[in-house]
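Spelled out as structure tokens, the structure:
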């Protein structure tokens, strides 16, 4: 999986299709960036939902919450964000997925599982298999 993502990252960089965040990334780590605006109620709700998801997953995923004005200052290539909250799922400096708006907990968990290849805890697998 790591090899495929690394290959995808080089293709994305060459083709200009992938988002690259070199200024705020540590290598080989999972990150979720929540880009918010001042006074945004949906942003507060999304922050709470992401924190709940990270509590459930029990993986080493870093959550970064940044106001849009600070985020675009450190990453000028992202100055065209228009809708908030914007959530970026990043692995190894490459944005694998981006969602806009407030997402329910189930969708946030699904996005984390699919982007980061992180498996749910055993007790969640047992619950889903019984239904």
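In this note's numbering, the protein residues as written are 1316 to 1446. C-beta atoms are modelled at their ideal positions from N, C-alpha and C, and glycine is treated no differently. Please read these numbers as outputs of a predicted model, since none were measured by experiment.
Where the alpha helix (DSSP H) containing residue i begins and where it ends
{"i": "residue 1423", "result": "1420-1431"}
Residue span of the beta strand (DSSP E) that contains residue i, given as start and end
{"i": "residue 1412", "result": "1409-1415"}
{"i": "residue 1377", "result": "1376-1382"}
Helix, strand or coil at residue i according to DSSP, with G and I counted as helix
{"i": "residue 1264", "result": "What is shown of the chain runs 1316 to 1446, which leaves residue 1264 out entirely."}
Residues near residue i in its chain [Cβ-Cβ closer than 6 Å; skip 5 each side]
{"i": "residue 1430", "result": "1404, 1411, 1412"}
{"i": "residue 1345", "result": "1376, 1406, 1431"}
Exposure of residue i, with buried meaning 16 or more beta-carbon neighbours within 10 Å
{"i": "residue 1400", "result": "buried"}
{"i": "residue 1269", "result": "The structure shown does not extend to residue 1269, since the chain is modelled only from 1316 through 1446, so no value can be given for it."}
{"i": "residue 1360", "result": "exposed"}
{"i": "residue 1367", "result": "exposed"}
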